[in-house]
Each structure stands twice: as C-alpha cells, then as structure tokens.
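Asker:
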Amino acid sequence: MKKLINDPFDVVEEMVEGFLAANDQIIKRVGKRSIARANSPIAGKVGIVVGGGSGHLPAFAGYVGKGMADGAAFGNIFASPPAKPVIEATLAVDSGAGVMYTYGNYQGDCINFDKAQDKCREMGIKVETVVLNDDVLSAPKAQAHKRRGIGGLFLVWHVAGAKAEQLASLDEVVAVTAKANANTRTVGVGLTSCTVPANGAPTFFLPDNEIEIGLGIHGEPGMKRVKVRPIDSIIDELMDAILADLDYKGTDVALLVNGLGGTPAEELYVVYRRVKQICEANKIKIKFKHVGNQVTALEMQGTSVSLLRLDTEMHDLIKNTTVDTCMYKKV
Amino acid sequence: MKKLINDPFDVVEEMVEGFLAANDQIIKRVGKRSIARANSPIAGKVGIVVGGGSGHLPAFAGYVGKGMADGAAFGNIFASPPAKPVIEATLAVDSGAGVMYTYGNYQGDCINFDKAQDKCREMGIKVETVVLNDDVLSAPKAQAHKRRGIGGLFLVWHVAGAKAEQLASLDEVVAVTAKANANTRTVGVGLTSCTVPANGAPTFFLPDNEIEIGLGIHGEPGMKRVKVRPIDSIIDELMDAILADLDYKGTDVALLVNGLGGTPAEELYVVYRRVKQICEANKIKIKFKHVGNQVTALEMQGTSVSLLRLDTEMHDLIKNTTVDTCMYKKV
Amino acid sequence: MVNVDGALVAKSLILVAKKVEQNKDHLCELDGEVGDGDHGVSMTIGMRAVSRAAKDLPADCTPSEALQSAADAYADEVGATIGPLYEAAFAAAAQAANGKKNLNEIADWASIYQAMADAIQQVGKAQLGDKTLLDAFFPAVEHIKGLAKKGGTLEAALLSTAERALKAAKDTRNLVPQKGRASRLGDRAKGYQDAGATSLAVVLKGFADGVSKRKS
Amino acid sequence: MVNVDGALVAKSLILVAKKVEQNKDHLCELDGEVGDGDHGVSMTIGMRAVSRAAKDLPADCTPSEALQSAADAYADEVGATIGPLYEAAFAAAAQAANGKKNLNEIADWASIYQAMADAIQQVGKAQLGDKTLLDAFFPAVEHIKGLAKKGGTLEAALLSTAERALKAAKDTRNLVPQKGRASRLGDRAKGYQDAGATSLAVVLKGFADGVSKRKS
Ligand SMILES: Nc1ncnc2c1ncn2[C@@H]1O[C@H](COP(=O)(O)OP(=O)(O)O)[C@@H](O)[C@H]1O
Ligand SMILES: Nc1ncnc2c1ncn2[C@@H]1O[C@H](COP(=O)(O)OP(=O)(O)O)[C@@H](O)[C@H]1O
Ligand SMILES: [Mg+2]
Ligand SMILES: [Mg+2]
Ligand SMILES: [Mg+2]
Ligand SMILES: [Mg+2]
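Quick look at the structure:
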C-alpha cells in the first residue's frame, strides 16, 4: 500500500484537520468529527445534515456550504459515523426551523443516524430523515427500499439544498428531497478495488481483464464480473438498466457522470459522450450536466452515471441557486 | 490496461467530443483540436491561449472560461498539440487586443507554440508568450529556464486570467503573468506511474515500497527514488526544496495542494494539513488555498505543492475575480 | 479458581483488544470478499478505545463498570454497523452484571452472553441464519447455558464456548447473507465465512483467555 | 534495378508506417525509461496519417509530392517534439527530391537523408551527442554519403545505411541526454537506448525495404 498518509489509523483525524483548515471560510468544527457552515444556525433555515463513512470526498463533508448542506458528520473510512457527531452537527445547524438528515441507504448509517434522530427529538429538535437509494443494480425494483445510495446523492442534494436555501419549511424540504430521490437512478462500473488504509491491502482483487458491473462506492464487489470491453458497450448496458427502471423518455434531466476517485477526467468525458448519445436517442433533454468526482471510493477506478428526472420545481431550484460548498461550486 | 475507453487511438477525439458537449454553455469548438470561450472574441480583451498534451485535465482545456483562459489547443496524450490548433484558437479569441500564449515549459510545446506564434504574427496578430517553469526539482536554480511547468500553472493562470478579464493591455497581462510565474514554485511526489492508452502499459514501474520525489506530470521518472515513508516527512522534504529556492518567509501566498489524478481527496487534505503547519512555522500567510486535482497525469497517484508569493496586485486580482471555467469555479 | 472481579474483567477487555488487532487483516480479508473490507479496522478501532478505557479504570471497579466503559468507548469511536451493535452488547452485559462484585459462575457469563446477543438482535434486527455475528453468538449462548446447568470450571466453560462460537462462525460459510452490504450479493456471498461472526469468536476467546489468565 | 518513382516512394512510406506501428510498444518502453512513454504512440499516429495520405496520392505523383504529403500529414496530426521534427524532415526531403522523376541513385538518397537530418537539427537545435535521433541519423548520413562515392546498388546502400543507423541508435545507450524531458534526468538516463534514435532506424529500414520491395 502506498498512500499520502502517516499512521493509517490517524488518516481520518488528519484528513479532518486538513479539511477544516482548507475550508475555514465556509465551515467550522462543531465536534471531533462534525462540522457546520460557519454561519450556522441560519435564521429560519432548515438545517440539512449529511454524513457517512469517510473515503467518499467530496461526499459528504465537501458539500457543506451555501446551496447544499449545513452540517456533516465524518465516519471512519467506509464506516458510518456514530450518533454523537450527527447530534453535534444537528445542534449546530438547528435554527428552530428543524433539521433534515439525508444520506445513502446503508445499514450502519441508518442505525447511527436513527439513534441521533431519536436523541435530538428527545431534546425537542424537529428532525426528519430522507434516506437515498438510487443504485438500480443493488436490488431489484420490487425491493427498491433495499437499494443503496451512490452517485445520485449529489443530484438529490442539489435540489434539497436549493429548497432549504429558499427558507422553505421542513415539510417542504423533506418533500422535494424525497421527490428528487424517487426520480433519481444510478448505475456504476468499477475497474479496480481500493485500499482501506488501516487494512493495508485492496478490498478485493480484480484481474487486469475484468470489471465489475454494479459496483458500489466502498470497493465492495458489484453485481457481476465481466470481461473488459469497449466503454461504449458498457455504458449501453448501464443506461439500459437505468432506462428500464424509470421512464425517462422525453423528459428533462440533471445528469452526473461520476468518477470513483482514481479515474482520469479524460475517461469520464469519453463516458459522457456516449451517455449523451443515448439520451439523444431517447429524447432525454440534459438540462444540467456534471462530469467529475462527486461521490468517490478512495482511489477506486470506475464511473457511475446518474439521471434525475426533473419537473419544473426541481429544474428551477437547480437553475436559480448559486452553490458555494467546500468542494463544489456553481456560479 | 483497464480504462473507460474504446479504441485507445480514439481517446482524445472522443474525450474532446464529450468535453465539448459537457461544457457547451461555456465553450465552442473552433477546430478539430481547438476550443474557445463561446463568446469569443471579447471586445477589448486580451485572449489567453493555453494548451499542451492531453491527460492533464482540468489543465488545460478545463480552464477555458470566465476569469482564466479564452482558448485552448488539445494535443494527443502527453504530446504537445501541433501549431494548427493553436493557430485556430488564436484566430478565434483575438479581438484585436492581442493574444498571450502561456503553457508549461516542455520542448514540444515550445516548438509548436512558437511555430503558431510566428504564423499568427505573420497574419498581423499581436502574440506574446509566457512559458511557465515552476518545477523546482526539474533543474537547479542556475538553470531555472530549463525547469518544466507543473501544478503552479493553475495559480499563475488565476492571476493572468483575472488581469485579462479587467481588459488590461497585452503588455500588462504578459507582465503580471511573468511576475506570477517568477513567484511560483512547485515540488511533487509520485507514488505510481500511469498508462498512456495507446501504449497500453504503465510508463514505468514503481515497486510497492518506493516513491519518486520530483515527479512530473507525464508519469515520467522523477529526480530520485526513495522508500515509502510517512507523508509528513515527505512533505517536509518537498517544502524544504521550495523554501530554499525562493524566500517565502513572512509573505502572503496562494497555495495549491494538487492531486495527480489517481489520489483520493482525503489524502490531499492530509497533505494540506502538513503544508499549513510548515507555512505557519515560516510565518507564511495562506491567503488562497486550493486542494484538488488541477494539473494531473491521467491516473497517476501523488501530489504536488505549489506556492505563489503574492503582492498586492496579484492578491487583489485573485480576490476580486469570479471564475467560471469548464472545470474550475470560484464563486 | 480465579476471582473474576472488575479488575480482571478490565484486563480481559485489554486482552480481547489485543486479539482483535492481531486478527485485523484476516477480518478485513473476510469482509472484503463480500463487504467493504473494513471489519477488522472497525473492530480494532473500537477495541483500542475499549482498551484505553479499561486501562483508565480504577483498580476497584466493578465488573459492570468495566463492561459499561467498553460500551461507552464503542459508542464514540466506531460507528459503522458494528459500533452500535457492540455498544448495545457491552451495555447489556454491564446491565446483566449489575450489582455483582465478581463473575465467578458459569451462569454469570451465560446471562451476560445471552444479554449481549439479545441486545445485538434488538439493534440489528437480524435473525438466526441471516449470516451475521449472531450466527456465532446464539449457538455459543446455548452452549454456555447448557454448561451452566451441567457445571464445571468457569475457565473450561468460557473456552469451550469460544470454541463453539468459532465452529459456528466457520459454518456461516454456507449461509446467504440477509443483512448489511453483503446481502446485496445474494448467492455470490455464499462460500465465504462471515467477518462479524469470526470476530465475535475472537472476542469470546479473548474473554476466555483473559479470565483463565492465559497468555494467548 | 528498381525504378524508385513517386508511387514507390509512396509505397515505401506505407511500409515505414507499418514497421513503426509494429515497433510501437518497444518504442514506448524505451521512452518510458527516461521520458513519458509515448514515443511509439506519437510515431504511430504520425505514420498512420502519412500512410493514409500516401494511399490517397495519384499513381503518377512525383517522389517530391509523396514526401511532401508525409510532411503535411505529420504537421496536422502529431505535435509533440517529434511532430515538427519529422514534418521539417519530410518537407526537406521533398525539397531535396524536387524536380526528380525518380530517386534511383544512392546520391539522391544521400542528399535526401542529409537534408532531413539538417532540417531536424535546425528545428530541434540538438547537437551530436545530445542523445537524440540525430545520433542515429548523422552517422547514417555519413555512411550513405560514403556509399554514394563508392557506388553499388541502391538497395544494398539503403539497407546498410539503415543498419548503420540501428547500430548508432544502440550506441546512444552511453550518452547523457541534453534535450527534451529525458535531459532532466541527467546521468539517471544513461544506460538506456534513445527512443527517437531507435525509431529513426526503423524509418530508414522501412525505406530500405520499401525501395528494395522486400516484404519485411
Ligand atoms: N443487522 C445485523 N445484526 C448483526 N450483525 C450484523 C448485522 N449486519 C451486519 N452484521 C455483522 O457486521 C459485520 C460487518 O461489520 P463491518 O464490516 O464492521 O460493518 P460495515 O458493513 O458497516 O462495513 C458482518 O460480517 C455481520 O457479521
Ligand atoms: N531537440 C531535439 N532534436 C532532435 N531530436 C529530439 C530532440 N528532442 C527530443 N528528440 C527526440 O525525440 C524523442 C522523444 O520523442 P517523443 O517521445 O515523441 O516526444 P516527447 O518528448 O515530446 O514525448 C527522443 O528520444 C529524442 O530522440
Ligand atoms: Mg464499512
Ligand atoms: Mg510526450
Ligand atoms: Mg465492512
Ligand atoms: Mg515521449
């Protein structure tokens, strides 16, 4: 294992320290593993708290700032944060208008965030939760509630953050977040695994001629292993899965071609080229497009494609909101 | 080799196609391998043309847009573009106020851009060139003109683009760009090599316990190979080299902790943490800080640290300019 | 016969931590086959915190206090799925040991293990056969309950209980996971031994060795 | 004796392209030892364009036209260091062949190779010993100039010239590079054969085989 780190067990601590220092205009520390926007709580604003295991930057802390999230809790690498930092973030961002938790659907996150929610409600804070489950290939449609959250988180939070920025009520923010989630689908493909620093070895081994379709964002194995082939044909397969799961024909979408952390941007544009061709063939109008590392898995190589089917409300929310978070800006 | 590509010889073509489609609000195509801001030429504005081999995104095309560059030429992977696309970009961005070429110091780029400059001058266009050479470890101080340009390009262009955006004259833009370059130093460390797609194999092999100090942005070998050790001690060595080359003590700086493409953002923040400690110890005030992939080498793992010593002019230029380029935004 | 007072429970926790860390890479490897490869890391982080807390305990602490300190340590440090599970387990153990000056009877440990397994089930909602650590823990609980009735030395009972857990952990190989990220792989996860069940066996072995004061 | 008209020059260029592509990986490997590992790719891209252009030439083209088409192909497609060098070289070759219906004399090729090497030096400003393709080309030029005086068949002359270039390319191993990215490595680049010198030998071999109409 070669990484730009010191003691592997200190990575998260030192990463958080660097992250805070690098973003001190936007955020403040509110606990050992929790941050909030520097100007939190913002009067009248619903506080959005995100979080999850570390190793996914910009997700999750990278999205704290104007137009997206108000607070975040850091877990260890690929491990949900405990309830404590979630509670700290909640207390820091609650203006009285209530707080929404929103995170990817993983058992660990659900357990720990639910615990935090219970405790915060006991303290009299209004807390609601929207769990995100965009990963089409992680469970069949009939069991969509079991699907995990991956790249689509970024698109959903774009909508959620914009709504909260308008000082909408907690119910309204929750409603539009749930709506965005219901209209978002993602599929991914992984070329390599990644190495949890304190583990020291790659999570699994993929031979040089094999890739994993349906790979998640933890370097965990995907749905099936196939031989390497031209990316166009892989993207065709991924897009088929998305389009079969939700009717996007003729709709407006926000689109993300996400890099998993170790893939060059050049390759993501090759992917975008194909995705766009498929969208055109299906009369899908790409209103917002993003190509880059948004929800990653350390140095994993691979990509995921996410489509969010827009209605007028979601479209205008994205369009009219400036975003200035730690790691993502929209002018 | 596993990459998200089709025929390796089509990568650049397909990447350019995807890049253009993904950024069509900001740029237009002005040749097979050349782009310009959609609204070029901009009346009264000096046109800044950048470029170089592909494989370094966001450099170079990713910086075309408001506040940085006006046009760019794409080369093949790690190969300078020929003169032709440079000329196309020049013609597209010249408003009559003149054009500045600015790129990293590589023989191929110098030869091809100089050829373009000669041809464009023959056509009556005012063209000046500022070649950037921030890489401390690529040549001793006495031969600084031989040093190559790496991560520091991003900081220099921040200044140059801001000046041009103010409709300064060609001489003024050239002067401030040269000043920024003279005040910028970079050092890098590589953990892995990378694979030129049409080559198919990594450029060189680094054993799992060795790293290259002084590595460039083409996966080419660096200055010396050393054993893996904690990142703090590596950063100490890199910063020593920077601080020995230029007197930064007590000054204001813009700072970049750059990822080489395949390194997780988490690790870059661990690096930033140490860089900041060293800056504090040397009474260097970090006025602007950037942590991310800005000048990359495909999927290479590693980092470089760049410091730009600011004066009031450069400080205010960066501070007061909104940047909205294809791949970098500053709100 | 040893006297399992609070200090010895604390010492056992330190030994458990040592054993877990020794097994870190193996546990990660098992988790990596079907999960995200971090189980050994999460357990090590948690047990390091437990170990630190145990070292800070006063010499005259009660067994319950020692177990509760482990719960608190887990709560703040680990997260993941395993964090809340072990936090709840240690808290339930503390509860079961409440009021006792020592845990010298097999029945003491039978009720502690039972409380731990029940707490884990309550938080994680897994059933027997779901391929989780409960598939090692429940058989071990049944086993020690039997021994409590039969009688014998505490040392031997804890040791054979840990062995029962290890055997059960190995048997998880044939199960199809229903909980956590491995569950998304369905049949693809068959054939691999569950990481959490394996670490549970390590934990029980740590207690057995700690109580019998053996070194390894 | 063969008649080296424009059509045969065009055919030779196509053969050169084929040979370069066959050597792509080897050339990249050499470049990767001290440079950025793309030399085989850049040469392949350039020679593919040359090959396409050669195939589009009219059957009755002159040698000069054929060589100029290669220069133009290089100009638009390659870039890098090697692009302008080969563009200039082929343009100079076209110039040297200007007005000739065929290139049947050793002296024709001696002057063409001389012009090519000179053009490369003019653009790239490298000196003998700088560890560039000129360290293969200049010895080859001297060699063919000697043969032009001595006489013999064109086929044999071109072949032995290509062999001379290959030997010289191998000898670059001991040189310390002064130009291009390899120069930044200083002594560390010693011991490796120069990629550009090696590809130049491949190019000259391609011409030799093309003119003598042999297959490989
Ligand atoms: N609901 C559950 N109840 C009990 N144990 C569980 C449950 N879900 C998962 N586990 C156990 O947790 C282990 C995985 O733990 P770990 O890797 O630390 O967490 P994560 O899956 O969050 O990375 C599994 O091997 C399994 O034994
Ligand atoms: N100034 C020069 N003059 C002649 N040949 C040169 C010069 N600089 C480099 N070369 C040749 O070019 C080769 C490298 O070419 P290539 O890898 O295609 O370009 P780049 O260095 O731009 O990647 C070297 O091996 C050397 O033979
Ligand atoms: Mg995990
Ligand atoms: Mg090159
Ligand atoms: Mg795990
Ligand atoms: Mg090269």
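Protein chains in written order, with my numbering: chain A, 305 to 635; chain B, 305 to 635; chain C, 380 to 595; chain D, 380 to 595.
Beta carbons: idealized from backbone N, C-alpha and C, even for Gly.
(1) Could you tell me if the beta carbon of Gln501(D) falls within a distance shorter than 7 Å of some heavy atom in ligand 2?
(2) Measuring alpha carbon to alpha carbon, tell me which residue in Val463(A), Arg489(A), Glu570(A), Ile590(A) is nearest Glu617(A).
(3) Taking 7 Å as the cut-off, is the C-beta of Ala450(D) nearer than that to any heavy atom in ligand 3?
(4) For the candidate residues Ala450(C), Asp550(C), Gly419(C), whose alpha-carbon lies nearest to that of Ala515(C)?
(5) Could you spell out the range, first to last residue, of the beta strand (DSSP E) harbouring Gly525(C)?
(6) Below 8 Å on the Cβ atoms is my contact criterion, and I expect Tyr453(D) with Ala472(D) to pass it. Report the Cβ-Cβ distance as a whole number of Å.
(7) Which whole-angstrom value describes the C-beta separation of Val595(B) and Gly371(B), a residue pair presumed to lie in contact below a C-beta threshold of 8 Å?
(8) Is the CB-CB distance between Thr406(B) and Thr481(B) below 8 Å?
(9) Is the distance from the Cβ of Val434(A) to the Cβ of Val478(A) below 8 Å?
(10) Taking Leu612(B) as part of the beta strand (DSSP E), name the residues at either end of that continuous run.
(11) Which residues mark the beginning and the end of the alpha helix (DSSP H) in which Phe508(B) is found?
(12) Return helix, strand or coil for His619(A), following the three-state DSSP convention.
(13) For Ala393(B), tell me which candidate among Val368(B), Gly412(B), Gly526(B), Asn485(B) has the shortest Cα-Cα distance.
(14) Kindly examine ligand 4 and report whether one of its heavy atoms sits closer than 7 Å to the Cβ of Gly465(B).
(15) How many angstroms separate the CA atom of Leu441(B) from the CA atom of Gly453(B)?
(16) With Arg341(A) as the anchor, note down where its beta strand (DSSP E) starts and where it stops.
(17) Within the present structure, is the beta-carbon of Asp413(A) separated from the nearest heavy atom of ligand 3 by less than 7 Å?
(18) Just the Cα atoms here: how many angstroms apart are Gly462(C) and Pro525(B)?
(19) Using 8 Å as the threshold, is the C-beta distance between Val403(A) and Ala373(A) below it?
(20) At a cut-off of 7 Å, would you count Ala484(A) as near ligand 3, judging by its Cβ distance to the nearest heavy atom?
(21) Could you check whether the Cβ of Thr499(B) sits closer than 7 Å to any heavy atom belonging to ligand 2?
(22) Please determine whether the Cβ atom of Gly520(B) lies at a distance below 7 Å from any heavy atom of ligand 6.
(23) So, does the stretch 423 to 441 of chain D touch the stretch 506 to 517 of chain B, judging by three or more C-beta pairs under 8 Å?
(24) Out of Ala574(C), Gly565(C), Trp488(C), state which residue places its alpha-carbon closest to the alpha-carbon of Ser539(C).
(25) Is any non-hydrogen atom of ligand 2 found closer than 7 Å to the C-beta of Asp439(B), if you look at the structure I gave you?
(26) Since Glu570(A) and Leu361(B) are thought to touch, with beta carbons under 8 Å apart, how far apart are those beta carbons, to the nearest angstrom?
(27) Below 8 Å on the Cβ atoms is my contact criterion, and I expect Ser608(A) with Thr490(A) to pass it. Report the Cβ-Cβ distance as a whole number of Å.
(28) Within the continuous beta strand (DSSP E) that includes Thr490(A), where are the two ends?
(29) Applying the criterion that 16 or more other CB atoms from any shown protein chain within 10 Å of the CB defines a buried residue, is Ser595(C) buried or exposed?
(30) Starting from Glu524(A), find everything on chain C with Cβ-Cβ shorter than 7 Å and list it in chain order.
(31) For Ser358(A), which residues does DSSP report across the bridge?
(32) Give me the Cα-Cα distance between Ser338(A) and Phe323(A), rounded to the nearest whole angstrom.
(33) Can a CB atom of chain B be found closer than 8 Å to the CB of Tyr573(A)?
(34) In chain order, what residues of the stretch 449 to 471 of chain D put their CB closer than 9 Å to some CB of chain B?
(35) With DSSP run on the structure shown, which of helix, strand or coil describes Asp573(D)?
(36) Mind checking whether the beta-carbon of Ile461(D) lies closer than 7 Å to any heavy atom of ligand 2?
Answerer: Quick answer:
(1) Position 122 of the fourth sequence, counting from 1, holds the residue named residue 501(D). Checking every heavy atom of ligand 2 against the Cβ of Gln501(D), none is found closer than 7 Å.
(2) Against the first sequence, residue 617(A) aligns to sequence position 313. With distances taken between Cα atoms, Glu617(A) lies closest to Val463(A).
(3) Residue numbering aside, residue 450(D) sits at position 71 when the fourth sequence is read from its first letter. Because no heavy atom of ligand 3 lies under 7 Å away, the Cβ of Ala450(D) does not count as near it: no.
(4) Working through the third sequence from its first residue, we reach residue 515(C) at position 136. Comparing Cα positions, the closest option is Asp550(C).
(5) As a first step, residue 525(C) must be located in the third sequence, where it is residue number 146. Unbroken run through Gly525(C) is the alpha helix (DSSP H), 513 to 529; no beta strand (DSSP E).
(6) For the purposes of this step, residue 453(D) is taken as the residue at position 74 of the fourth sequence. For the purposes of this step, residue 472(D) is taken as the residue at position 93 of the fourth sequence. Contact flag wrong, Cβ pair sits at about 11 Å.
(7) Locating residue 595(B) in the second sequence gives position 291, counting from the first residue. Locating residue 371(B) in the second sequence gives position 67, counting from the first residue. Rounded, the Cβ-Cβ distance is 19 Å, inconsistent with contact.
(8) One-based indexing of the second sequence puts residue 406(B) at position 102. One-based indexing of the second sequence puts residue 481(B) at position 177. Cβ distance < 8 Å, so Thr406(B) and Thr481(B) count as in contact.
(9) Residue 434(A) sits at position 130 when you count from the first residue of the first sequence. Residue 478(A) sits at position 174 when you count from the first residue of the first sequence. In this structure, Val478(A) lies closer than 8 Å to Val434(A) by Cβ.
(10) Along the second sequence, read from residue 1 onward, the residue named residue 612(B) stands at position 308. That run of the beta strand (DSSP E) goes 606 to 613.
(11) Sequence index remark: in the second sequence, residue 508(B) carries index 204 (1-based). No alpha helix (DSSP H) contains Phe508(B), which DSSP labels as neither H nor E.
(12) Residue mapping note: residue 619(A) aligns to position 315 of the first sequence, counting from 1. Here DSSP, grouped into helix, strand and coil, assigns His619(A) to helix.
(13) If you number the second sequence from 1, residue 393(B) lands on position 89. Among Val368(B), Gly412(B), Gly526(B), Asn485(B), the Cα nearest to that of Ala393(B) is on Val368(B).
(14) Indexing the second sequence from 1 puts residue 465(B) at position 161. No, the Cβ of Gly465(B) stays beyond 7 Å of every heavy atom of ligand 4.
(15) For the purposes of this step, residue 441(B) is taken as the residue at position 137 of the second sequence. For the purposes of this step, residue 453(B) is taken as the residue at position 149 of the second sequence. C-alpha separation (whole angstroms): 11 Å.
(16) As a working note, residue 341(A) is residue 37 in the first sequence. Run containing Arg341(A): 338 to 341, per the beta strand (DSSP E) assignment.
(17) As a first step, residue 413(A) is located in the first sequence; it is residue number 109 there, counting from the start. Not under cutoff, so the answer is no.
(18) As a working note, residue 462(C) is residue 83 in the third sequence. As a working note, residue 525(B) is residue 221 in the second sequence. Separation of Gly462(C) and Pro525(B) (C-alpha to C-alpha, rounded to the nearest whole angstrom) is 44 Å.
(19) In the first sequence, the residue the question calls residue 403(A) occupies position 99. In the first sequence, the residue the question calls residue 373(A) occupies position 69. Not closer than 8 Å, so no.
(20) Within the first sequence, numbered from 1, the residue matching residue 484(A) stands at position 180. No, the Cβ of Ala484(A) stays beyond 7 Å of every heavy atom of ligand 3.
(21) Counting from 1 along the second sequence, the entry for residue 499(B) is found at position 195. Annotation for Thr499(B) indicates a beta carbon at 7 Å or more from all heavy atoms of ligand 2.
(22) Here the question's residue 520(B) lines up with position 216 in the second sequence. Gly520(B): no, Cβ never under 7 Å from ligand 6.
(23) no
(24) The count along the third sequence starts at 1 and reaches residue 539(C) at position 160. Residue Trp488(C) is the option with its Cα nearest to Ser539(C).
(25) Counting from 1 along the second sequence, the entry for residue 439(B) is found at position 135. It does not: the Cβ of Asp439(B) is nowhere closer than 7 Å to a heavy atom of ligand 2.
(26) Position 266 of the first sequence, counted from the first residue, corresponds to residue 570(A). Position 57 of the second sequence, counted from the first residue, corresponds to residue 361(B). Under the criterion of beta carbons closer than 8 Å, Glu570(A) and Leu361(B) qualify as touching, at roughly 6 Å.
(27) Within the first sequence, the letter at position 304 stands for residue 608(A). Within the first sequence, the letter at position 186 stands for residue 490(A). Correct: roughly 5 Å between the Cβ atoms.
(28) One-based indexing of the first sequence puts residue 490(A) at position 186. Segment 488 to 494, the beta strand (DSSP E) holding Thr490(A).
(29) Position 216 of the third sequence, counted from the start, is the residue given in the question as residue 595(C). Residue confidence for Ser595(C) is low, a pLDDT of 42 falling below 50, so the modelled location carries little weight; the figure read from the coordinates is stated next. It counts as exposed.
(30) Taking the first residue of the first sequence as position 1, residue 524(A) is located at position 220. Going along chain C in sequence order, the residues near Glu524(A) (Cβ under 7 Å) are Gly414, Asp415, Arg560.
(31) Along the first sequence, read from residue 1 onward, the residue named residue 358(A) stands at position 54. In the DSSP assignment, Ser358(A) is bridged to Ile381(A).
(32) Taking the first sequence and counting its residues from 1, the one referred to as residue 338(A) is at position 34. Taking the first sequence and counting its residues from 1, the one referred to as residue 323(A) is at position 19. Their backbone Cα atoms lie some 12 Å apart in a straight line.
(33) Looking up residue 573(A) in the first sequence gives position 269. Cβ-Cβ to chain B under 8 Å: yes for Tyr573(A).
(34) Tyr453, Ala454, Asp455, Glu456, Val457, Gly458, Ala459, Thr460, Ile461, Gly462, Pro463, Leu464, Glu466
(35) Taking the fourth sequence and counting its residues from 1, the one referred to as residue 573(D) is at position 194. Assignment of Asp573(D) by DSSP, reduced to helix, strand and coil, places it in the coil class.
(36) Translated into positions along the fourth sequence, residue 461(D) becomes position 82. Checking the Cβ of Ile461(D) against ligand 2 gives yes.
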